[in-house]
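Chains as they are written, first to last, in my numbering: chain A, 1 to 390; chain B, 1001 to 1390.
All C-beta atoms in this analysis are idealised placements derived from N, C-alpha and C, irrespective of residue type, glycine included.
As the structure is a prediction and not an experimental result, all values here were calculated from the model.
I have placed the structure first, in the form of structure tokens, so that the comments after it can refer back to it.
Number of protein chains: 2
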Amino acid sequence: MAIAVNYRFPPGVDAEKQAKIIAIGQTVGTWDARFAHRQASLQAHLAVVVSVVTDSQGYSTATIHFPETNVENDIPSLLTMIFGKYSMAGAAKVVGLQLPENYGLRPKFGITGIRKLLGVFNRPLIMAIFKPALGLSATDHADIFRQVAEAGLDIIKDDEILGNLASAPTLERLKACRVIIEQVKQESDRTILYAVNVTGNATKLIENARELVRNGANALLLNVFSYGFSVLEALATDPEINVPIFTHPAGAGAISAAPDYGIDYSITLGTLMAYAGADAVLYPAHYGNLPFAAEDEAKIRDRLRMRGVMPVPSAGIHPGVVAKAVADYGEDVILNAGTGIMDHPDGAAAGVKAFFEALKYVENGESFSLDTLPLGALRSAIQKWGIYHS
Amino acid sequence: MAIAVNYRFPPGVDAEKQAKIIAIGQTVGTWDARFAHRQASLQAHLAVVVSVVTDSQGYSTATIHFPETNVENDIPSLLTMIFGKYSMAGAAKVVGLQLPENYGLRPKFGITGIRKLLGVFNRPLIMAIFKPALGLSATDHADIFRQVAEAGLDIIKDDEILGNLASAPTLERLKACRVIIEQVKQESDRTILYAVNVTGNATKLIENARELVRNGANALLLNVFSYGFSVLEALATDPEINVPIFTHPAGAGAISAAPDYGIDYSITLGTLMAYAGADAVLYPAHYGNLPFAAEDEAKIRDRLRMRGVMPVPSAGIHPGVVAKAVADYGEDVILNAGTGIMDHPDGAAAGVKAFFEALKYVENGESFSLDTLPLGALRSAIQKWGIYHS
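Here it is, written out as structure tokens:
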């Protein structure tokens, strides 16, 4: 099966011509009589322009089929082929990508595997982010961890900004939090996942990840756009990395935010992640403080779920969005809140409790509002953040 | 010293407000009384808005200073900090980046080291690209290699599209070409560098690179935007990779081409490469077929040379641009031609000869034109491609 790519060109671009340039220039290039004896082999590597359609606004979309044999069954070689040199050729945006079913990787854990690790099967999962992002000690992290863990949190992650800093080295943060993970396990037989941010040059990052796993890390966090899809694929296929990999969208906007350049969010945060071995993928929720469209969010969700990958809508998530999020997502979602948990007026534990209170209402099919809520964590949260109405 | 970043916002954006969001949101975030005891530590990680200036068109540029202690002295953690989550926050482009002198890596080879390997010290270097890009066998590559090597070429590289394909596995291509490299060395004591494209997931790519070097690869090629800056940094610091690393700009346009989003070309292809350990950096020449501005090219050239990195203007390079390129670059440049060598009417060897003929004229301070050129490789090239006049 071919790799199908849709390129969208703004009005004024000769899309037919550009499509031919892509089909030839991003594969074999041209050849002359000297290579006549290789005709069949060269021809087999050429891409084919399947169609060019122009809409009423003058935007044209070209569909091009690339041979799967041109690439290495991974994301980096795919990116070089579909939008390598051509990315510098003028206004054009990659808006569609269809990969063969058997292309690339599948998550080792994904929705099913993460649920099994947590032993939670029938509700959305609640996830928090350590805040403030920088400047806390390993002990501070453990303190926060204890508060949210005791309140019933499922997953916590480092802020994506927090690397392996002298003030709180990654391994020390893990060791300090690991104590709480084990206490909670002993006391209540609950598992809490801590997605530890892995950083460094590719060799060091992979070595660090293995060391963290040996020291009890039960999940990892990777900034894929900063470190590279090749690093995600290395982690995802590493026999020693037997924990779920959470991916963060930091930097995705540099590639996806421009209307007429780059690669669509549904591809960078959806398709590519789903075929590169991510287990859970963070991306902006349209409820939140980033200017993200509901339809972009829905596309990402669907691309991820098609491969069994867990969607993690993020940024601006607070207890007041729970009802809407469950309506949009159903159960198979991780609701990931940073300040929406950590900045609860009564502290981080109350932040977690507010989420579970809100979930309870939703599960029971009951709506809630500031007028009807009893005093408690949820009411304080709603007082601060309001209820999201689409 | 701080890391200084310039963000440019289009008219209509509240730049003062956005600058504050960046300075806080891309570092510590906010905190409340609960963290009062950490005030000093938190404060030390905050970025500072130094200035916000609006020009006559309504574009505003904010200069923000980030503490160097927030990052890991590398490019990926820097990218996460300066344009991670914020890249998804709306129209904004990173247009300036000043790193401390001692930040990151320096090239192991760079201009000086590449010249030493080649034994060529006082002229621009000439580089070719294997074409057609896909569909040739290892033997075909060796045939091309022999032609251009005997004609006096300095460097050849794989097309960036060509990975480790079953039809011509990377190691086989190297071994076939290595025979010619050794013959030329024996016969004329000349060295020819072959920048072999390294691919695969990060672990495999680094292993493959080491294996290629053990098997005589004397240069490597990396598609940095497809594989990640963390991979470049891993190769550049690997004790076994004792050969120059050439970087290709494939994919750079996805990040840099949009006017009001992403990160400026002078940063992605200039500053970041120069601080990530690249020895020679390919980027579009403004003489060529990609819509690239002369001033962008000049900025990249200068950023690279400031760190001793070899500039490699590419795409649309042919013998008719040599005079202009030498005027723009002087001697410390690699002129990199794909079809400009391979598609010479009299074959690839004539393509190389045409470059050296052109260089000879320029060195002697003589101009040339179709009217005055004698029959030969250069005349045929000029007949086909013309002479570039700015």
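Give the DSSP-derived three-state secondary structure of residue i in the structure shown.
i, result
"H248/A", "strand"
"V1213/B", "helix"
"V95/A", "strand"
"S1077/B", "helix"
"I1156/B", "strand"
"G1104/B", "coil"
"I144/A", "helix"
"P169/A", "coil"
"L134/A", "coil"
"G1113/B", "helix"
"S1188/B", "helix"
"T237/A", "coil"
"S1226/B", "helix"
"P1319/B", "helix"
"I206/A", "helix"
"G253/A", "helix"
"T1054/B", "strand"
"I976/B", "Because chain B here runs from 1001 to 1390, residue 976/B falls outside it and cannot be looked at."
"F66/A", "strand"
"T1339/B", "helix"
"M306/A", "helix"
"F356/A", "helix"
For residue i, is the classification buried or exposed, using 16 other Cβ atoms within 10 angstroms of its Cβ as the cut-off for buried?
i, result
"S1369/B", "exposed"
"A250/A", "buried"
"S1051/B", "exposed"
"H37/A", "exposed"
"F121/A", "exposed"
"K185/A", "exposed"
"T1271/B", "buried"
"S1056/B", "exposed"
"T30/A", "exposed"
"Q1039/B", "exposed"
"N1164/B", "buried"
"D159/A", "buried"
"S266/A", "buried"
"Q1026/B", "buried"
"L1375/B", "exposed"
"V1053/B", "exposed"
Do the CB positions of residue i and residue j come within less than 7 Å of each other?
i, j, result
"S1226/B", "L42/A", "no"
"F1292/B", "P1076/B", "no"
"V1198/B", "N1208/B", "yes"
"A1325/B", "F1246/B", "no"
"A92/A", "H141/A", "no"
"N6/A", "G96/A", "yes"
"K1157/B", "G1338/B", "no"
"A138/A", "E172/A", "yes"
"A391/A", "I1263/B", "Lying outside 1 to 390, the shown extent of chain A, residue 391/A is not represented and no answer is given."
"G104/A", "Y361/A", "no"
"T203/A", "I1206/B", "yes"
"V1321/B", "A1151/B", "no"
"G277/A", "A236/A", "yes"
"V309/A", "P107/A", "yes"
"A1128/B", "L1162/B", "no"
"N1070/B", "M1088/B", "no"
Residues of the stretch 1155 to 1166 of chain B with a CB closer than 8 Å to any CB of chain A: list them in chain order, please.
Residues passing the 8 Å Cβ filter: D1159, E1160, I1161, G1163, N1164, L1165, A1166.
Using 8 Å as the threshold, is the stretch 1312 to 1328 of chain B in touch with the stretch 1280 to 1294 of chain B, meaning 3 or more CB pairs across them?
yes
Give a yes or no on contact between the stretch 8 to 25 of chain A and the stretch 39 to 59 of chain A, applying the rule of three or more CB pairs nearer than 8 Å.
Enough Cβ pairs lie closer than 8 Å, so yes.
Return the residues of the stretch 1123 to 1144 of chain B that lie within a Cβ-Cβ distance of less than 9 Å from chain A, sorted by chain order.
K1131, P1132, A1133, L1134, G1135, L1136, S1137, D1140
Below 8 Å, can you find three or more Cβ-Cβ pairs linking the stretch 1107 to 1123 of chain B to the stretch 1183 to 1194 of chain B?
Yes, the stretch 1107 to 1123 of chain B touches the stretch 1183 to 1194 of chain B.
Is it true that the stretch 1363 to 1377 of chain B meets the stretch 1303 to 1311 of chain B, where meeting means three or more beta-carbon pairs spaced less than 8 Å apart?
no
Mind listing which residues of the stretch 76 to 92 of chain A have their C-beta closer than 7 Å to chain B's C-betas, in chain order?
P76, S77, L79, T80, M81, F83, G84, K85, S87, M88, A89, G90
Taking contact to mean at least 3 C-beta pairs separated by less than 8 Å, is the stretch 347 to 362 of chain A in contact with the stretch 131 to 151 of chain A?
yes
Contact the stretch 1123 to 1131 of chain B vs the stretch 1324 to 1334 of chain B: 3+ CB pairs below 8 Å
yes
Quick one, which residues of the stretch 1023 to 1035 of chain B are near chain A if we go by CB-CB under 8 Å, in chain order?
Q1026, T1027, V1028, G1029, T1030, W1031, D1032, R1034, F1035
Could you name the residues of the stretch 1238 to 1267 of chain B whose beta carbon sits closer than 9 Å to any beta carbon of chain A, in the order they occur along the chain?
For the stretch 1238 to 1267 of chain B, which is checked against every Cβ of chain A, the residues closer than 9 Å are D1238, H1248, P1249, A1250, G1251, A1252, G1253, A1254, I1255, S1256, A1257, A1258, P1259, D1260, Y1261, G1262, I1263, Y1265.
Interface residues of the stretch 1273 to 1297 of chain B facing chain A [CB-CB below 8 Å]
Listed by position along the chain: P1284, L1290, P1291, F1292.
Give the residues from the stretch 196 to 208 of chain A that approach chain B closer than 8 Å (Cβ to any Cβ), ordered along the chain.
T199, G200, N201, A202, T203, K204, L205, I206
Quick one: which residues of the stretch 312 to 343 of chain A get their C-beta closer than 8 Å to a C-beta of chain B? List them in chain order.
A315, G338, T339, D343
When you check each C-beta in the stretch 1012 to 1023 of chain B against every C-beta of chain A, which residues fall closer than 8 Å?
none
Using a Cβ-Cβ cut-off of less than 8 Å, list which residues of the stretch 100 to 114 of chain A approach chain B; keep chain order.
none
Give, in chain order, every residue of the stretch 222 to 234 of chain A whose Cβ lies closer than 8 Å to some Cβ of chain B.
N223, F225, S226, Y227, G228, F229, S230, V231, E233, A234
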